[in-house]
Amino acid sequence: MAEWYPKRSFGQLVDEVCERFGPREALVFGEERYTFDEVAARIDEVARGLIELGVKPGDHVALWLMNRPEWIFTMFALARIGAVQVPVNTRFRTHDLAYLLKQSDARYLITHDVSGPVDFLAMVREVVELPVQGVAVHDPGFPELERVIVLGERGHAGCVSFDDMLDEAAEVDAQVSAARAAMVDPDHPVFIMYTSGTTGFPKGVMHNHVMLRLVEERAFRLAITENDTILNYLPLFHLFSYSEAALMSMLTGARQVLTETFEPAACIRLIERERVTVMHGFETHLKDLSDAQERLGADLSSLRCGLFAAGMQSGVPITRRAAEVLAPLVTVTGYGMSEMGAGTIVGSLGDSLEQRAETSGYPAPGYRFRIVDPASGAEQPVGTPGEITCKGYGLMMGYYEKPAETAACYDDDGWFHTGDMGVLRADGYIRFLGRYKDMLKVGGENVDPMEVEGLLLGLDGVQQVAVVGFPDERLSEVPVAFVQPTDDSTLTEKAVLDYCRGKVATFKIPRHVLFVDALPMTSSGKIRKVELREQAQSRLQDAGTD
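According to our numbering, the sequence shown is numbered sequentially starting from 54.
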């Protein structure tokens, strides 16, 4: 009897999509345009080049690249030849890179020489001892690393040129790469995705090809077909972009419009020019896109839907405003994490505006969720906050080379503990309330920083805000608000504090307001609160505040 959901690999998608939609346009990047047939040809070329270079099944290959077509080609090429891809955050610098290369046991690193203002190769040379003669790496600090492959100019000493690698692809018969693709086992790892690293060193989350089921079921829920155009401004090294654009395009035949970075006004113009129907992101993207659209007044009539990580108190006004400014866009809420897969809780196109603004969605097929008391493990009733726990077919294979950390994520009954706070509603939808580590304890009272953030976002002159804790001898800790004002703002600390008084309990009101030009963000759009806590320590102590 056949399996009810046939197993297949990422690499198989390339053949399937070409058979169905080969001549159709698949990928747009600036002035570059590729059909699915052309994308497949480039993927095969990269695959044969990697084989000729010596990449074997199971080898770990790190991709430290900005969004560009070569990312897509290499991602699927590695999957086709059975290698394990290790996406690297492009905001990483030397210390981060050294940690990841060593912890992941990367055999190969593919990166730029220079991209924009960032000299990637200079950072690689600072971290890795590259050879003076030849291209074989023999750095005792990275015993597994064999080659560094550079996208850009040819002739960099100690490196393999990406273009030279492609020139050598002709030495590998097409049947060789086809045979490698046929050998790929969908149960084996296909990528190691490192967590965002908002609190300390990131961990490498291992996944196999089974995640295709989750993506395909979400395509059905969002009605994504070959008639859609997906705008992808999210970084490809992040699971959100990787699954909802790169994999989704190959699964459905939808066209992908790829940008190197997120620039709101440029994205609004792309929606108008390319007749974009689908885009995804976080509430920060919704806010910036809404601001840009109010200035530009572009034709957004092609927009249909998008998956946005929403539902938090701070994002309710953002989502409600986007429903008007970005109409006819229907925002569908979602929740997920690298360990579980993106969109393991997800809404639907038929959700009410209230559900889209104030929940994180409904459990995806094949996943079960419980809200439990973090102390006792007892399941919480509807309406009572607790920790979000999960079971499902697509949970990670584990953290790479971290068995103790992997085991610590699960309880004795096999439930994965997210460390996130949520609440189950009477309609079966779940609302994400924040990370437990971000909760404040002010004089014995619990303070949810997102409640205060949501309040302050309603104050004129506030562009963005984040609330963190600051140590206090009497109260244990007190709230500190970091406020990014709008360009025309004349806000003062007194005005911010006066706005809070009478609206929330006094213990929830920030004791300090610190104005910043911008909030530190991860590449996936999350605020780095660990960095803000460090800033608060430095700025307030320097000012003589206890």
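Glycine included, each C-beta is placed from N, C-alpha and C at the ideal position.
**Rounded Cβ spacing between Q163 and V114 (contact assumed at less than 8 angstroms)** = In the sequence shown, the residue the question calls residue 163 occupies position 110. In the sequence shown, the residue the question calls residue 114 occupies position 61. For the sequence presented, residue 163 should be read as Ile rather than Gln. With a Cβ gap of about 7 angstroms, I163 and V114 count as contacting.
**Message:** With a threshold of 7 angstroms on Cβ separation, who are the neighbours of E270 within its own chain once the five nearest residues in sequence on each side are excluded?
**Reply:** On the sequence shown, position 217 is the one that residue 270 refers to. Hits under 7 angstroms: A417 and P418.
**Asked** What number of angstroms, rounded off, separates the C-alpha of E84 from the C-alpha of G350?
**Response** For the purposes of this step, residue 84 is taken as residue 31 along the sequence shown, with counting starting at 1. For the purposes of this step, residue 350 is taken as residue 297 along the sequence shown, with counting starting at 1. Their Cα atoms are separated by approximately 24 angstroms.
**Item:** I283 - DSSP class collapsed to helix/strand/coil
**Value:** Position 230 of the sequence shown holds residue 283. Note: I283 maps to strand in three-state DSSP.
**Request:** Please state whether DSSP places D525 in a helix, a strand or coil.
**Result:** Locating residue 525 in the sequence shown gives position 472, counting from the first residue. Of the three classes helix, strand and coil, the one that applies to D525 here is strand, per DSSP.
**Request:** Quick one: using the 10 Å Cβ neighbour count with 16 as the cut-off for buried, is H191 buried or exposed?
**Result:** The residue labelled residue 191 in the question sits at position 138 within the sequence shown. When all chains shown are included, H191 counts as exposed.
**Prompt:** What distance in whole Å lies between the Cβ atoms of I398 and L356, which are believed to be in contact at a cut-off of 8 angstroms?
**Reply:** Position 303 of the sequence shown, counted from the start, is the residue given in the question as residue 356. Position 345 of the sequence shown, counted from the start, is the residue given in the question as residue 398. Not confirmed; about 23 angstroms, so no contact.
**Prompt:** According to DSSP, is G555 helix, strand or coil?
**Reply:** Residue 555 sits at position 502 when you count from the first residue of the sequence shown. Note: G555 maps to coil in three-state DSSP.
**Close-in-space but distant-in-sequence residues of the same chain around R592 (CB under 7 angstroms, 5 per side omitted)** = By one-based count along the sequence shown, residue 592 stands at place 539. So the list reads L567, once near-sequence residues are dropped.
**Request:** Keeping to the same chain, check which residues put their C-beta closer than 6 angstroms to that of L183; ignore five residues upstream and five downstream.
**Result:** Looking up residue 183 in the sequence shown gives position 130. Hits under 6 angstroms: G211.
**Item:** Every unbroken beta strand (DSSP E) within the region 159-238, with a cutoff of 3 residues, ordered by chain
**Value:** 161-165 and 200-204
**Message:** Using 9 angstroms as the threshold, is the C-beta distance between N120 and S294 below it?
**Reply:** As a working mapping, residue 120 is identified with position 67 in the sequence shown. As a working mapping, residue 294 is identified with position 241 in the sequence shown. Going by C-beta atoms, N120 is nearer than 9 angstroms to S294.
**Prompt:** Start and end of the beta strand (DSSP E) containing G394?
**Reply:** For this step, residue 394 is matched to residue 341 along the sequence shown. Segment G394 to V399, the beta strand (DSSP E) holding G394.
**Item:** Range covered by the beta strand (DSSP E) that runs through E78
**Value:** What you label residue 78 is simply residue 25 of the sequence shown in a count that begins at 1. E78 -> beta strand (DSSP E) spans E78 to F82.
**Request:** With a cut-off of 8 angstroms on the beta carbons, I'd call V237 and G135 a contact; round off their distance for me.
**Result:** Your numbering for residue 237 matches position 184 in the sequence shown. Your numbering for residue 135 matches position 82 in the sequence shown. About 5 angstroms; that satisfies the 8 angstroms criterion.
**Request:** Assuming L204 and L118 form a contact by the criterion Cβ under 8 angstroms, report the distance between their Cβ atoms to the nearest whole angstrom.
**Result:** Counting from one through the sequence shown, the residue named residue 204 turns up at place 151. Counting from one through the sequence shown, the residue named residue 118 turns up at place 65. About 7 angstroms; that satisfies the 8 angstroms criterion.
**Request:** Going by DSSP, name the residue or residues bridged to E506.
**Result:** Locating residue 506 in the sequence shown gives position 453, where the first residue counts as 1. According to DSSP, E506 bridges with nothing at all.
**Message:** Strictly by DSSP, which residues pair up with Y87?
**Reply:** Counted from its first residue, the sequence shown places residue 87 at position 34. DSSP, once it has assigned bridges, lists L80 as partnering Y87.
**Runs of beta strand (DSSP E) wholly within the region 280-367 (minimum 3 residues, chain order)** = 282-285, 308-311 and 358-362
**Prompt:** Helix or strand or just coil, what does DSSP make of L486?
**Reply:** Locating residue 486 in the sequence shown gives position 433, counting from the first residue. In the structure shown, L486 sits in a strand (DSSP, three-state: E or B).
**Request:** Would you mind sorting W124 into buried or exposed? The rule is 16 or more other CB atoms within 10 Å of its CB.
**Result:** The residue labelled residue 124 in the question sits at position 71 within the sequence shown. Buried.
**Message:** With DSSP as the reference, identify every bridge partner of E530, one or two as the case may be.
**Reply:** The residue labelled residue 530 in the question sits at position 477 within the sequence shown. The partner list for E530 (beta bridge, DSSP) reads P524.
**Message:** Using a Cβ-Cβ cutoff of less than 6 angstroms, which residues in the same chain neighbour Y446 once the five nearest sequence positions on both sides are dropped?
**Reply:** By one-based count along the sequence shown, residue 446 stands at place 393. So the list reads G419, once near-sequence residues are dropped.
**Message:** Using a 10 Å radius around the Cβ and a threshold of 16 neighbouring Cβ atoms, would you call Q65 buried or exposed?
**Reply:** Here residue 65 corresponds to residue number 12 of the sequence shown, with the count starting at 1. With 16 or more other Cβ atoms within 10 Å, it is buried.
**Request:** Consult DSSP for W468 and reduce its assignment to one of helix, strand or coil.
**Result:** Locating residue 468 in the sequence shown gives position 415, where the first residue counts as 1. The answer is coil: DSSP assigns W468 none of H, G, I, E or B.
**Request:** Assign G403 to one of two classes, buried (16 or more other C-beta atoms within 10 Å of its C-beta) or exposed (fewer than that).
**Result:** Taking the sequence shown and counting its residues from 1, one reaches residue 403 at position 350. Exposed is the call here.
**First and last residue of the uninterrupted alpha helix (DSSP H) at R266** = Sequence index remark: in the sequence shown, residue 266 carries index 213 (1-based). Here the alpha helix (DSSP H) through R266 covers M264 to R274.
**Item:** R144 beta carbon less than 9 angstroms from that of T575
**Value:** By 1-based counting over the sequence shown, the position of residue 575 is 522. By 1-based counting over the sequence shown, the position of residue 144 is 91. Cβ distance < 9 angstroms, so T575 and R144 count as in contact.
**Prompt:** Using the C-alpha atoms, what's the distance from F89 back to A227?
**Reply:** Sequence index remark: in the sequence shown, residue 227 carries index 174 (1-based). Sequence index remark: in the sequence shown, residue 89 carries index 36 (1-based). Each residue's Cα considered, the two are about 18 angstroms apart.
**Asked** Quick one: is V177 buried, meaning 16 or more other Cβ sit within 10 Å of its Cβ, or exposed?
**Response** Your numbering for residue 177 matches position 124 in the sequence shown. It counts as buried.
**Item:** DSSP three-state assignment for F145, whether helix, strand or coil
**Value:** Working through the sequence shown from its first residue, we reach residue 145 at position 92. Correct three-state label for F145: coil.
**Request:** Please classify D599: does DSSP put it in a helix, a strand, or coil?
**Result:** Taking the first residue of the sequence shown as position 1, residue 599 is located at position 546. Note that D599 scores 44 on pLDDT, short of 50, meaning its location in the model is unreliable; the coordinates nonetheless yield the value given after this. DSSP places D599 in coil when its eight states are reduced to three.
**Prompt:** Nearest-angstrom Cα distance between Y87 and Q138?
**Reply:** One-based indexing of the sequence shown puts residue 87 at position 34. One-based indexing of the sequence shown puts residue 138 at position 85. Computed Cα separation, rounded: 23 angstroms.
**Request:** With a cut-off of 8 angstroms on the beta carbons, I'd call K444 and V521 a contact; round off their distance for me.
**Result:** Taking the first residue of the sequence shown as 1, we reach residue 444 at position 391. Taking the first residue of the sequence shown as 1, we reach residue 521 at position 468. That pair is no contact at about 32 angstroms.
**Start and end residues, alpha helix (DSSP H) containing I371** = Position 318 of the sequence shown, counted from the start, is the residue given in the question as residue 371. Residues V369 to V378.
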